[in-house]
Amino acid sequence: MRAIRAIGRPALRLTRTLGAVTLFALRGLGGIGRPAAIGRQIVQIGWLSLPVVGLTALFTGAALALQIHSGGERFQASDVVPAIVAIGMVRELGPVLGGLMVAARVASAIAAEIATMRVTEQIDALVTLSTDPVRWLVTPRLWAAILCLPVLVAVGDIIGIMGGWLVGTGSLGFTSATYIANSWAYLEPWDVTSGLLKGAVFGLIVALSGCWFGMRAGRGAAGVGRATTNAVVAAAVGILAANFVLTGLFFE
Amino acid sequence: MIELRGLTKSFGGRQVLDGVDLTIPEGQSLCVIGQSGTGKSVLLKCILGLERPDAGTVLWQGAPLDRARFMAGFGMLFQGAALFDSLSVWQNVAFRLRQRMDDRRARAVALDKLARVGLGPETAELMPAELSGGMAKRVGLARAIADDPRVIFFDEPTTGLDPIRARAIDALIRGIVTETGATAVTITHDMDSCRIIGDRVALLAGGRIAHDGPVATMGDAPALAGFLGRPAPEGAPDAG
Chain A
1 MRAIRAIGRP
11 ALRLTRTLGA
21 VTLFALRGLG
31 GIGRPAAIGR
41 QIVQIGWLSL
51 PVVGLTALFT
61 GAALALQIHS
71 GGERFQASDV
81 VPAIVAIGMV
91 RELGPVLGGL
101 MVAARVASAI
111 AAEIATMRVT
121 EQIDALVTLS
131 TDPVRWLVTP
141 RLWAAILCLP
151 VLVAVGDIIG
161 IMGGWLVGTG
171 SLGFTSATYI
181 ANSWAYLEPW
191 DVTSGLLKGA
201 VFGLIVALSG
211 CWFGMRAGRG
221 AAGVGRATTN
231 AVVAAAVGIL
241 AANFVLTGLF
251 FE
Chain B
253 MIELRGLTKS
263 FGGRQVLDGV
273 DLTIPEGQSL
283 CVIGQSGTGK
293 SVLLKCILGL
303 ERPDAGTVLW
313 QGAPLDRARF
323 MAGFGMLFQG
333 AALFDSLSVW
343 QNVAFRLRQR
353 MDDRRARAVA
363 LDKLARVGLG
373 PETAELMPAE
383 LSGGMAKRVG
393 LARAIADDPR
403 VIFFDEPTTG
413 LDPIRARAID
423 ALIRGIVTET
433 GATAVTITHD
443 MDSCRIIGDR
453 VALLAGGRIA
463 HDGPVATMGD
473 APALAGFLGR
483 PAPEGAPDAG
């Protein structure tokens, strides 16, 4: 009986939390929001994340090319470097690493900003000014992240493939034409589309984590700190878990 | 008129409000005093609907409070002013106005309200981070009165201010309340504020209203003597 209770209590708590998060997300996505606010968030979430996502993709693509080349040499398959870099980037590494980098940068920023607003009573002030804080703060961030992440993933994919091309043509003996032709040869539209869809889901997870923990921040600086940490951890774990589920759905 | 009937609220087993009954007639300025942690701000949040009471009701004009309608008719000055960091001073003041009028008109009204609290047009474009504590309170006050509310709530309006600035804010609040005829509810533990702002004073202690009476006679109230740190006057009747 005690064992059932020990399992049941956290399971109930998890179910309640998931239900509350889902309702919160649906409320946040329930309106289109203010276009100007979404525009500002697109700059914050998308435009300002470009450098970090681009650099991550560049080095990942370059390292991937080196790894596949050295591993492929063992069974005389080093010619597959361009194709595997391209498929690996667009299907998996582009969305996942892009999502994780945005989670580190954006989930923390959103959580810190909203949590600070909470502890300084700015959220209460919104309510007293007849404004729904979810519509005002959460909706623009959710939509901006959902719109931005696929674009960031697409940019990351291209830069990642370029990273592989730089290494492939610079030190692995590929000609530029061969590398590009091999990259395209095995790449299918669904490889790219699935990665972009993953990006949209990861965008939702990142913004939702930031908003959820920000809105529930405890008191004082410690509350803001905890909200920020929880948001980043939840976003990162959420992205990895969602990636597993989506990969299973898309490719199995 | 705002009426509180048997308002009860507890947090984690700690009873903060224990059946608060209070009536605030229209046009009256009520100060709710009490020591730190006695639930003054919780009481205010229950009235505003920011906290849900465990039991009891809040009536406005004799009917259960319709939050949306009530919110549209009141203003609130928060303890830390609670100005929106990402908006300029005039945008903060005109926040509610911009929901129903264009920016040019809203800005004109905001500048007028800023002037009412003693701030010139040069402050309009400043960001909250550039304001001193006293200026932030004034901007918060301008935001509270921007839409000519019928009820204004003040949460610890002088906390964190030096005595000179505190008295200036008190005088402003008293002037605005008298001038507009608005109902005012002030949460404070500053007795000097209470004397300037209030018509009536209610002491919150032990989760209940321990005293309720006119400000003019609060010096004679035994229940307040302890709070004021003075011995209770002998034989003096409690005004509540």
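Residue numbers (the working numbering), protein chains in the order written: chain A, 1 to 252; chain B, 253 to 492. Note that CB positions come from ideal geometry on N, CA and C, so glycine has one too. Since the model is a prediction, treat every value here as computed from it, not as a measurement.
Asked	Found
For M328 (chain B) and L244 (chain B), the rounded distance between their alpha carbons	The structure shown does not extend to residue 244 (chain B), since chain B is modelled only from 253 through 492, so no value can be given for it.
Beta-carbon neighbours of R348 (chain B), restricted to chain A and to distances below 7 Å	L129 and S130
Whether L259 (chain B) touches C298 (chain B) by CB criterion (8 Å)	yes
Alpha carbon of T116 (chain A) to alpha carbon of L12 (chain A), nearest angstrom	30 Å
Same chain, Cβ closer than 7 Å to A37 (chain A), neighbours up to 5 away in sequence not counted	P140
Sufficient close CB pairs (3 or more, under 8 Å) joining the region 16 to 33 of chain A to the region 106 to 124 of chain A	no
Span separating the alpha-carbon of L371 (chain B) from that of E408 (chain B)	21 Å
Backbone CA spacing between D490 (chain B) and G286 (chain B) [nearest angstrom]	Residue placement at D490 (chain B) is flagged as unreliable, the pLDDT there being 45, under the threshold of 50; a coordinate-derived value is accordingly withheld.
When B:V272, B:D306 and B:W312 are compared against R402 (chain B), the one with the closest alpha-carbon	B:W312
Secondary structure, alpha helix (DSSP H): runs of 4+ residues fully inside the region 256 to 334 of chain B	292 to 300 and 319 to 324
Residues near G492 (chain B) by beta carbon distance below 6 Å, same chain, minus five either side	Reliability of the predicted coordinates at G492 (chain B) is poor, the pLDDT of 38 falling under 50, and the value obtained from them is presented with this limitation in mind. Excluding residues within five positions, the ones whose Cβ falls inside 6 Å are H463, D464 and G465.
Within chain A, partners of A324 (chain B) - CB distance below 9 Å	S130
Exposed unless 16 or more other CB atoms sit within 10 angstroms - verdict on S445 (chain B)	buried
Length of the line joining the Cα atoms of L100 (chain A) and M89 (chain A)	14 Å
Range of the contiguous beta strand (DSSP E) that encloses T440 (chain B)	T435 to T440
Whether G210 (chain A) touches A231 (chain A) by CB criterion (8 Å)	yes
Residue-level contact to chain B via CB, G44 (chain A), 8 Å cutoff	Contrary to the premise, residue 44 (chain A) reads as Gln rather than Gly in this sequence. No - not a single Cβ of chain B is within 8 Å of the one on Q44 (chain A).
Whole-angstrom C-beta distance between R350 (chain B) and A360 (chain B), which should lie under 8 Å	With 8 Å as the limit, A360 (chain B) and R350 (chain B) do not qualify as a contact, their Cβ atoms being about 12 Å apart.
Near the ligand HEM: V268 (chain B) beta-carbon under 7 Å from a heavy atom	Ligands in the displayed structure: none, and consequently the ligand HEM is not present.
Stretch pair the region 377 to 393 of chain B + the region 264 to 278 of chain B: three plus CB contacts closer than 8 Å	no
Pair within 8 Å by beta-carbon distance, V155 (chain A) and L50 (chain A)	yes
Through-space distance from I110 (chain A) to L137 (chain A), alpha-carbon basis	10 Å
Sequence-distant residues of the same chain with beta carbon closer than 8 Å to T169 (chain A), five excluded per side	T175, S176 and Y179
Residue burial classification, R5 (chain A) (beta-carbon count within 10 angstroms, cutoff 16)	exposed
Chain B residues whose Cβ lies nearer than 8 Å to that of E121 (chain A)	F330, Q331, G332 and A334
DSSP state of I87 (chain A) mapped onto helix, strand, coil	helix
Where G238 (chain A) falls, given that 16 or more other Cβ within 10 Å makes a residue buried	buried
Three-state secondary structure (DSSP) of F75 (chain A)	helix
Own chain, CB closer than 7 Å to I42 (chain A), minus 5 neighbours either side, in chain order	A144, L147 and C148
Residue-chain proximity (A222 (chain A), chain B), Cβ-Cβ < 8 Å	no
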